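Reviewing the structure listed below.
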Amino acid sequence: MNDLTPTREQRTAALEGMGCKRKRVEDIRFTQGKGNYVDDVKLPGMLHGDFVRSPHAHARVKSINTDEALKVPGVLAVITAETLKTVNLAWMPTLAGDVQMVLADGKVLFQNQEVAFVVATDRYAADDGVSKVVVEYEALPVLVDPFKSMAPDAPVLREDLAGKTTGAHGPRKHHNHIFEWTVGDKDLTDAAFKKADVTIKELISYHRTHPSPLETCQCVCSFDKIKGELTIWGTFQAPHVIRTVVSLIAKLPEQKIHVISPDIGGGFGNKVGAYPGYICAAVASIVTGKPVKWVEDRIENLTATSFARDYHMTAEIAATKDGKVTGLRVHVLADHGAFDACADPSKWPAGFFNIVTGSYDFPVAHLAVDGVYTNKAPGGVAYRCSFRVTEAAYCIERAMDILAQKLGMDPAELRLKNFVRREQFPYHSALGWEYDSGDYETAMRKMMESTDYANLRKEQAEKRAAFKRGETREIMGLGVSFFTEIVGAGPSKNCDILGIAMFDSCEIRMHPTGAGIARMGTKSQGQGHETTWAQIIASEIGIPADNIMVEEGNTDTAPYGLGTYGSRSTPVAGAAIAMAARKIKAKAQMIAAYKLEVHEDDLEWDIDGFRVKGLPEKVMTMKDICWAAYNSVPPGMEPGLEAVSYYDPPNMTYPFGAYLCVMDIDVDTGVYKVRRFYALDDCGTRINPMIIEGQVHGGLTEAFAIAMGQEIRYDEGGNVLTGSFMDFFMPTAVETPHWETDFTVTPSPHHPIGAKGVGESPNVGGVPAFSNAVNDAFSFLGATHIQMPHDYWRNWQAAKSLGVFAA
Amino acid sequence: MAKTHVTMKVNGAEVEGLVEPRTLLVHFIRENLQLTGTHIGCETTHCGACTVDIDGMSVKSCTMFAVQANGSEITTIEGIANADGTLAYLQEGFRQMHGLQCGFCTPGMIVRAHRLLKENPSPTEDEIRHGISGNICRCTGYQNIVKAIQYAASKINGVEFKEAAE
Amino acid sequence: MIPGPFSYHRPESVGDAIKLLASLGEEARPLAGGHSLIPMMKLRLATPGHLVDLHGVAALKGIRRDSDRIVIGAMTTQHELLASDEIRTSLPILQEAAALIADPQVRYRGTIGGNVANGDPGNDMPALMLTLGAAYRLEGPNGAREVMASDFYQGAYFTALEPGEILTTVTIPVPAAGHGYAYEKLKRKVGDYATAAAAVVLTMAGGKVTSCAIGLTNLHETPLLAADAAKAVIGSSLDDASLKQAAAAAQAIMSPAADARGPVEYRKHVGGIMVTRALQRAASRTK
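So the protein lines, in turn, are chains A, B and C. Take 807 as the starting number for the first sequence in this note's numbering and just add one per residue. Take 185 as the starting number for the second sequence in this note's numbering and just add one per residue. Take 35 as the starting number for the third sequence in this note's numbering and just add one per residue.
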């Protein structure tokens, strides 16, 4: 050892492995405008496709006249359902076991539904063509209120399901009913409610909204007639699944389909499923023999692609008079729009909503979900929801605050009293989940201490008194949110997408010079996998992250994976990466033992290589091992140094967090100000704290938007009222609050690196914090539950209904 | 529709093309000039992903026709780096401060920030937030974008950058 | 998101612009900043066959003082208003309002002429023009005429502009030195139209209001001059009672649309609050 010998700290730092704020690899190209997004793809002879869409929410299509459209210079074809029927593609299967029209087949079921696809030489001609297609409609009665969907005289929407009394998830109660899903013990739960000291019951609605990534959904489909091969560049969060689905529905051999997800400008669950645009572009390419590009515009994105939420949840909690919860009962009316296109794992028609027991030790619980059809856009599972966990967390967190109010208890104290305790993990919830690990009390107390919660309550009490004395027109709310997430779908025994188990994968290949390439079955849309996946590998095998190239998204080269959504990448692919790296390390150990002429067991791992136990100067770095792998492996061993791992997770992971929103509201205008927002997240092992913080900032901003005004709203005629950025609330840097982030670390015991995933937690935990803050502000005036979203005018309306403006 | 010939200077180079009068400037940039760094995120002039710098102004290039830019000088994201090819402080700052995730809003954001810092070389946080209020980001929550711009401002002014404590 | 086809014209003088509009007739629209017209064209809600771009008409630019009046060329952008020392010293309320219009990029292109002339009830400048007693110069095939802003607005998107006329200058009498001013705008977010907005220009002496004008934005299908509301505060010290009276008088003439910003009752309610707050803030600025 001398002054030039790097210290252990320096060697560790040089790897830029797990735990460090490694700067992102992706940024080099993005900050120079050199990203490669789908609309940047340009192929010789490429055509453009654009949709004719229905202005009606429910109507028969009497005729489609394409004569004038076909006369527009540049327009080559207009595809309708009749065209698609010839290749059996007028309808396509959804991820939720339903079917969906690709193009209007005899009728339309929601405003802006796709009716015809115009194919032209450029996007300007395509748009001209669209404006010249003449469609004759016969309006039908519209159904937009899910509460009226199962009335005896409710309009019939899905004529294609006539007579089908059973759906993909069991019996159907009504022509607009999709499924009923029940979980838990009804009898025990009913018994708990019968003998409860205190109960609360409230209808808690989570309004319809939309993920709205900045880049809309788009694709380029290119069919090579000679080779019979179809190449698709697309905004796909799950490119392999798209390939398999296309193979099955288009009846093309899967090895002849090349799906590529290049850079994606945000997904948030909007880009998981298949859309009519993808199918029509593919068909158009097959028919014309030319590449066809489809790029939807923003209004199309907001009104026709996968919406999020629209859950109407009646929550009931039974409790003792000193605040110990004894039972939970929830009924959900789920509005799925015209087709059940939810991107859930197939056995879960309501996603993982049964996490609704949340962070609390409910001895018994029962849940029933009824899904219904309405004349609205299809979808439902999207927008950082972890498969309906956003809905579940909102439901339980609102319900706990309502219970606290009824009991006259502080909402934080009520939670502390009912948390699942550290000793109870792994915890079996009354609705069937095994939570892996958690230390809720520590997180909660850290939040309360960091925010000086007790003093905030004191301040609130003083302000309330001042308000009642007429000295101020401002009310103050504290929104507590303690959420438990369930992510990392998932174990093959209960998680599959269209029959494909939800494992994920990683393949690593090391090169002679101590560099390597790694490919995974996930697909980043901004989460920074090129940066973080290399960090895991760096820590596991002692090669600097900068020397590991990470690739995702090309289905020809990446091992099969189920993609990136539901915060599953770190829990599932992250595990596969660690396991593949450990296979590499195991082989490396054998090579090192051979080269150092010792037995494998005489070696120990030290940061970036192996050393002989007791002889620290006898080392072989991983870099040298890579070289040796290509020229001097032990006899009988194959040369090379690569490994692949397909990881079937044994369980989901359960990140959790404690958030607090401090909000001041001016009752006269309804204008609110988020004074402070504190977010403590526990996602287990933290791979890159900088990236985690970025994810939390982004998720909280989405949660803020949702809670405070962002909705997809329909009028009685099924017209979308908020279909563009004029009225669909997208906060700018001015409205967006300042975020304070903090953390605790409770590793997942079953995960190879103890990591749980974090991307969706801030949306899951954020919305309840904002909504609880508004509700908490108004509670002293007599409000029990004010529905989201909490726009200015709705806050004012709440104040008005509470008599604030009575003379 | 008969096409018009337009010429302009883009990122320091003289360019020309044939366009219809209705050709949007953003399409001319992306398709005729093949500069795909400038992006499209909406059609109602809200999102700012298409922001370019034209004749000393930040402009949403989706709300201008290419013919209107005849004879103008335009800088897009591809022209932001220094003449010697090194990254501009803004580009450095966005990377150092994690001011981007999916990268889609980033070109418009950087090109706008570039003009903002010329309007106001030492903006307060509030001035930065108002200064970028014409650019929507869905991923970052803006906080680190503000830091990135503060980083760049410090470097441009030759002042030490102190990252605000969380 | 693609506009329909059109022919493009770029005259260099007001006279040529007028000649073009006259000869091209109904199918022709003048193009100013384009940030109202082009978005509508992209949605094909507007499909003019001809656009007459006014950016080449140098005579439509400029801000100058003409004794006790400020004369502003119609093609002056919001950004130019914000950068003008003349406007800062003589008409600070214009800068306060301009800063609340849209966002930085839109302000680089949006013009005062476009903002006052297209009759959109959501635009901010018209109420200011009423409050300031501005006059518009309209030029067309039959010559030029001056129309007071107070006579210009007839309905939503319906103004005194005759076919073929364009608005070429806005002339504003300079308010008294030491005047108080405020533009109070409630909006959902940056870039949004007003949920309700009130403009106030007033003077005070000895703690009492000696003159006052109040304009209202987006609370009716046209901008409103709330004359009764202004009268209610003249001679007062802006005590609670007179403020209440002014707000009520203003609300009495409001008939806002119900939209995503809120129901009618809410918009009228906050409209009254904007009047109150604008009066208070304007008073605090008097010298």
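Glycine included, each C-beta is placed from N, C-alpha and C at the ideal position. Bear in mind that the values here come from a model prediction, so they are computed numbers and not experimental data.
Chain A residues whose Cβ lies nearer than 8 Å to that of residue i
i	result
G225(C)	T1538
Option in the options with minimal Cα separation from residue i
i	options	result
M1443(A)	A1399(A), T1475(A), F1534(A)	A1399(A)
T310(C)	M238(C), V243(C), Y300(C), A232(C)	A232(C)
A224(C)	F249(B), Y326(B), H230(B), M241(B)	Checking the sequence, you will find Val at residue 224(C) rather than Ala. Of the candidates F249(B), Y326(B), H230(B), M241(B), the one whose C-alpha sits nearest the C-alpha of V224(C) is H230(B).
I1493(A)	G1334(A), P1445(A), I1354(A)	G1334(A)
G177(C)	G107(C), K53(C), S124(C)	K53(C)
L71(C)	G225(B), N216(B), R214(B), R206(B)	R206(B)
K1424(A)	A1511(A), L1409(A), G1476(A), P1553(A)	L1409(A)
T202(C)	A239(C), P82(C), G96(C), A132(C)	G96(C)
Q1024(A)	E1035(A), D1242(A), D1103(A), K979(A)	D1103(A)
A1401(A)	V1378(A), W1433(A), A1384(A)	What sits at residue 1401(A) in the sequence shown is Lys, not Ala. Among V1378(A), W1433(A), A1384(A), the Cα nearest to that of K1401(A) is on W1433(A).
V908(A)	A960(A), Y1084(A), V867(A), L963(A)	Y1084(A)
R301(C)	R1115(A), A1575(A), W1602(A)	W1602(A)
K339(B)	T324(B), H298(B), C323(B)	H298(B)
P1543(A)	E1566(A), I1559(A), G1572(A)	G1572(A)
Interface partners of residue i on chain A, CB under 7 Å
i	result
P205(B)	Correct list: empty, because the minimum Cβ distance to chain A is about 11 Å.
S317(B)	T1538, A1539, V1540
Range of the contiguous alpha helix (DSSP H) that encloses residue i
i	result
Y930(A)	929 to 938
R296(B)	290 to 303
T1196(A)	1195 to 1213
I1055(A)	1045 to 1056
L1134(A)	Taken as a continuous stretch (DSSP letters only), L1134(A) belongs to no alpha helix (DSSP H), being part of the beta strand (DSSP E) at 1131 to 1141.
Run of the beta strand (DSSP E) containing residue i, from where it starts to where it stops
i	result
K1007(A)	1004 to 1015
G174(C)	169 to 174
F1029(A)	1024 to 1030
Y42(C)	41 to 43
I248(C)	242 to 251
Y1453(A)	1448 to 1453
M1326(A)	1322 to 1326
E1280(A)	1280 to 1290
Y1484(A)	1478 to 1488
G1040(A)	1035 to 1040
K193(B)	188 to 194
Interface partners of residue i on chain F, CB under 9 Å
i	result
V330(B)	The chain labelled as chain F is not found among the protein chains of the depicted structure, namely A, B and C.
Chain-ordered chain B contacts of residue i [CB-CB under 7 Å]
i	result
G68(C)	T247, M248
F1531(A)	C226, T228, H230, C231
Chain C contact residues for residue i, given Cβ-Cβ distances below 9 Å
i	result
S306(B)	By Cβ distance, chain C contributes nothing, its closest Cβ being about 17 Å from S306(B), past 9 Å.
Q334(B)	Simply none; closest approach about 18 Å.
Neighbour list for residue i in chain A, Cβ cutoff strictly below 9 Å
i	result
H303(C)	D1474, T1475, W1602, K1606, F1611
G296(C)	G1476, D1597, Y1598, W1599, R1600, W1602, Q1603
L220(C)	T1475, V1477, Y1598
Listed by chain order, chain C residues near residue i by CB distance under 8 Å
i	result
E227(B)	M35, P73, K76, L77
R929(A)	I36
Proximal residues of chain B, C-beta to C-beta of residue i below 9 Å
i	result
L1020(A)	H223, G225, C226, C231, A233, C286, F288, C289, I320, C321, R322, C323
Beta-carbon neighbours of residue i, restricted to chain C and to distances below 7 Å
i	result
F1576(A)	Chain C residues near F1576(A): none, gap ~16 Å exceeds 7 Å.
Given 8 Å as the limit, is there contact between the segment 189 to 207 of chain C and the segment 49 to 61 of chain C, that is, 3 or more CB pairs closer than that?
-> As far as the Cβ criterion goes, the segment 189 to 207 of chain C touches the segment 49 to 61 of chain C, which means the pair count is three or higher.
Would you call the segment 1339 to 1348 of chain A and the segment 1319 to 1326 of chain A in contact, with 3 or more CB pairs under 8 Å?
-> Result yes; three or more Cβ-Cβ pairs closer than 8 Å.
Compile a chain-ordered list of the residues in the segment 936 to 966 of chain A whose CB is closer than 8 Å to at least one CB of chain C.
-> Under the 8 Å Cβ criterion, the segment 936 to 966 of chain A contributes S937.
Per the contact definition of three or more C-beta pairs closer than 8 Å, is the segment 1108 to 1122 of chain A in contact with the segment 1178 to 1189 of chain A?
-> Between the segment 1178 to 1189 of chain A and the segment 1108 to 1122 of chain A, the count of C-beta pairs closer than 8 Å reaches three or more; the two stretches touch.
Closer than 8 Å, Cβ to any Cβ of chain A: which residues of the segment 287 to 301 of chain B, in chain order?
-> The residues in question are G287, F288, C289, T290, P291, I294.
Is the number of C-beta pairs between the segment 180 to 187 of chain C and the segment 269 to 280 of chain C that are closer than 8 Å three or more?
-> The segment 180 to 187 of chain C, when compared against the segment 269 to 280 of chain C, does not touch it at the 8 Å Cβ threshold.
Looking at C-beta atoms only, is the number of pairs between the segment 1194 to 1206 of chain A and the segment 1227 to 1238 of chain A that lie closer than 8 Å three or more?
-> Contact fails: fewer than three Cβ-Cβ distances are below 8 Å.
Which residues, in order along the segment 825 to 840 of chain A, keep a beta-carbon less than 9 Å from a beta-carbon of chain B?
-> For the segment 825 to 840 of chain A, which is checked against every Cβ of chain B, the residues closer than 9 Å are K827, K829, R830, E832, D833, I834, R835, F836, T837, Q838, G839, K840.
Sufficient close CB pairs (3 or more, under 8 Å) joining the segment 1086 to 1099 of chain A to the segment 869 to 876 of chain A | They do not touch, by the three-pair rule.
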